[in-house]
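Per my numbering, the sequence shown starts with residue 362, numbered consecutively. Each residue gets a CB set at the ideal place from its N, CA and C atoms; glycine is no exception. Taking it in order: structure first as structure tokens, then the write-up.
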Amino acid sequence: MSQKPKPSHGLAACPGCAEPLEPGDRYCGACGYDLAAVPAAEAGADRPTVAIGTPVPWPPAPPRDPGSLSTATQHPGDLPGTDSGGRDLPTMEVRTDGPAPAEGGAHVGAPAPGSPAPGSPAPGSPTPEGDFELAAPDPRTAVRADPAPAAPAPAAAAAAPAATLCVACRAGRVDPDGYCENCGHAQPRERDHMERELTGVAAVSDRGLRHHRNEDAFAVSSTTLPDGSPATLAIVCDGVSSATRPDEASAAAAEAAGASLLAALPRGTHPQRAMHEAIVAAAEAVNSLAEEPGEDGAEHDPHRHRNAPACTIVGSVVAAGLLVVGWVGDSRVYWVPDDRSTPPARLTEDDSWAAQMVAAGLMNEAEAYADERAHAITGWLGADSYELDPHTAAFKPDRSGVVVVCTDGLWNYAEGAEDMARVVPADAADRPLHSAQVLVGHALDGGGHDNITVALVPFTVAPQGAGSA
């Protein structure tokens, strides 16, 4: 007599009490649950014990017109410009969405964004070495991501500025330390390149190609004299690299001198006297940066030598038909007339070893400036300067021109007055900012061995009889 096999319920545990079951059980031995009431499992059906969520598709990328960029970038070919000689830069078509269009609008010669280059393995496929090639981020297809909706943030967090894109790859975000999270490039600091233009004056400062920071600073501004006539000022300072915190010294000096001039000129102070007072104010600002005895652990290391913060200063004021200059150090002022058939001039004398050798008759200018000690300065602003001796001079040009106020980062590449006149664009009086950019470009083309700062101040002489009846 054979035994009829017990139907299998296909359950590992009782649905009622979770008691383990045998395949042939008809009822739960613990709670008596009728296992025949459980519907039979469908063959081949996936019955996981942990639910799998429905996949959420990625949101589609925002639409963009063919040939446009999805990020707010600009290419050099998109913008007009000039080289350091004032000539127009050649422009070229920049492809932003695949290869260049052929006849009929088709693109030929380059892969579409996101596709592998010819001869390279496709993303996700093994290379001949057996590794898997990963697709590199394509900045042309990068889209600025919007944050997901979240609970209202505190007021301070809501006011935080949006993350900026890397200037190198234009795809990664810049972390708080100033580095790109995608390509790792350090981002430019604010003082690496600065420009400012006002009515009647413009200035440009650049870090150059060899220094790790910009130790130059400038201040440009305009005001009015008591009679209502305009006055324009430009201050340029060059930090002494061998001193402590030279970048702070130049910034403090430029700010203090500019503020002093803006306070003195509207009161009717003579521009030459105001320039002298401005240099004294700048010196006091730099002196205040010097560390007090005992600070910074000096008492623990008495043999440690730390120079006080120091910088040079040069400035000009154009007011009431006068051109006033003032300086301490080796930064310079040049006069370049609009009529280039008339001679230019250098309006300052360097506080330097080379200038002293020439003044003493021990060397001619060519010999002195060829010496390795030529640029050793003999005058500067700082707590350890020997004696503050501000130089000032006043001129009354009889023709229109432009005043060039600059650090040695520029005049090293155009030392003589004639050399400077050759590189100053002919329309400098009408386009001072553009001309300052050209001069900085000239120094960069020459090697950019130092920080470069230049301010341009147009000087206009009214023609004879102008304004008369």
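Local conformation of residue i per DSSP, three classes
i	result
residue 750	coil
residue 555	strand
residue 540	strand
residue 602	coil
residue 594	strand
residue 755	strand
residue 688	strand
residue 735	coil
residue 679	strand
residue 695	strand
residue 577	strand
residue 777	coil
residue 564	strand
residue 730	helix
residue 794	helix
residue 621	helix
residue 547	strand
residue 376	coil
residue 702	coil
residue 387	coil
residue 743	strand
residue 611	helix
residue 786	coil
residue 806	helix
residue 533	coil
residue 816	strand
Proximity of residue i and residue j at Cβ, strictly below 8 Å
i	j	result
residue 617	residue 643	yes
residue 605	residue 669	yes
residue 766	residue 694	yes
residue 597	residue 696	no
residue 671	residue 613	no
residue 575	residue 608	yes
residue 687	residue 751	yes
residue 678	residue 594	yes
residue 581	residue 552	no
residue 817	residue 570	no
residue 729	residue 735	yes
residue 832	residue 647	This structure leaves residue 832 out entirely; the chain is present only between 362 and 830.
residue 633	residue 685	yes
residue 615	residue 578	yes
residue 601	residue 741	yes
Residue i burial status per 10 Å Cβ neighbour count (16 or more: buried)
i	result
residue 787	exposed
residue 568	buried
residue 377	exposed
residue 442	Per-residue confidence for residue 442 stands at a pLDDT of 37, beneath the threshold of 50, marking its modelled position as unreliable; the derived number appears in the next sentence. Residue 442 comes out exposed.
residue 713	buried
residue 374	exposed
residue 392	exposed
residue 747	exposed
residue 531	buried
residue 703	exposed
residue 775	buried
residue 708	buried
residue 803	buried
residue 777	exposed
Same chain only: Cβ atoms within 8 Å of residue i, ignoring 5 sequence neighbours per side
i	result
residue 822	682, 758, 759, 760, 761
residue 586	592, 626, 627, 629, 680, 681
residue 380	374, 389, 390, 391, 392
residue 394	375, 376, 377, 378, 388
Cβ neighbours of residue i in the same chain (closer than 7 Å, five flanking residues each side left out)
i	result
residue 824	none
residue 621	638, 639, 642
residue 560	583
residue 625	635, 638
residue 791	none
residue 691	673, 711, 712, 713, 736, 738, 769
residue 779	705
residue 539	547, 548
Any non-hydrogen atom of the ligand GDP closer than 7 Å to residue i Cβ
i	result
residue 690	Only the bare structure without any ligand can be found here, which leaves the ligand GDP out of the picture.
Residues of its chain near residue i, where Cβ-Cβ distance is below 6 Å and the 5 sequence neighbours each way are ignored
i	result
residue 536	542
residue 698	760, 762
residue 794	558, 563
residue 555	566
residue 754	686
Short CB-CB distance (under 8 Å) between residue i and chain C
i	result
residue 615	Here there is only one protein chain, and chain C is not present.
Query raised in the report: Does the segment 806 to 815 come within contact of the segment 718 to 732, defined as at least 3 CB pairs closer than 8 Å?
Result: Proximity of the segment 806 to 815 to the segment 718 to 732 falls short of the contact definition, fewer than three beta-carbon pairs being nearer than 8 Å.
Query raised in the report: Is the segment 793 to 809 touching the segment 709 to 720 in the sense that three or more CB pairs, one from each, lie closer than 8 Å?
Result: No contact exists between the segment 709 to 720 and the segment 793 to 809.
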